[in-house]
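Please read the structure below before turning to the comments.
In the numbering used here, the protein residues as written are 168 to 366.
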């Protein structure tokens with residue numbers, strides 16, 4: 168039977184380095200990809216993922232399994248993302264990676280499918296990706312992070328609520344507003360009008 172994350176952290180608390188290494192193996196790719204999608208810089212994402220695990224390790228000695236380990240590590244990563252985005256905004260260089268909002272009316276994920284395309288179509292796809300990036304970049308931080316957590320990390324609303332330190336109803340509202348904002352902005356930009364389909 169698989170040892171739970173919380174049990175592994177309790178072993179880390181008692182000095183078991185192999186337990187910590189197993190946690191890193193379980194979460195390294197997930198956390199790195201989440202951070203990368205948030206800040207659009209893979210090398211920086213690797214650095215921040217390492218910082219996330221360093222903070223986990225430093226906290227191991229007083230760890231208490233009050234909530235799911237997964238929620239806790241995403242909370243640490245989210246705070247690091249917020250700091251990074253805040254610093255970039257101060258320098259006017261904030262830029263996020265592709266994020267496609269699922270919507271009842273518009274299938275944005277269809278815009279991002281990796282299919283064989285002609286050069287003109289590839290150029291058009293690149294333009295659409297850039298527009299989607301800019302749209303995501305224009306969302307308020309909590310909307311953007313909630314959307315990333317639900318779309319790419321497959322976290323449940325209650326888990327996102329814990330990560331963002333808000334209520335489940337607030338998470339639902341954030342995601343709904345983010346999707347509505349994206350739909351409006353992308354349709355205004357001429358993207359999505361011809362892609363009406365159920366997700």
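The beta carbon of each residue, even a glycine, is placed where N, CA and C say it ideally should be.
For clarity, every value in this text was computed on a predicted model and none was experimentally measured.
- Around the beta carbon of residue 351, fewer than 16 other beta carbons sit within 10 angstroms, so the residue counts as exposed.
- The stretch 306-313 makes contact with the stretch 336-348; the number of CB pairs closer than 8 Å reaches 3 or more.
- For the 8 Å CB-CB criterion, residue 311 and residue 303 form a contact.
- With a beta-carbon spacing of about 6 Å, residue 236 and residue 176 fall inside the 8 Å limit used to define contacts.
- Residue 190 and residue 333 have their alpha carbons spaced roughly 26 Å apart.
- When Cβ pairs closer than 8 Å are counted between the two stretches, the stretch 198-207 is seen not to touch the stretch 176-186, the count staying below three.
- One alpha carbon belongs to residue 231, the other to residue 170, and they sit about 16 Å apart.
- The beta carbons of residue 294 and residue 234 sit no closer together than 8 Å.
- In the three-state DSSP reduction, residue 358 falls in the coil class, being neither helix nor strand.
- Considered as a whole, the stretch 184-254 harbours 184-206 and 209-226 as its complete alpha helix (DSSP H) runs of no fewer than 4 residues, in chain order.
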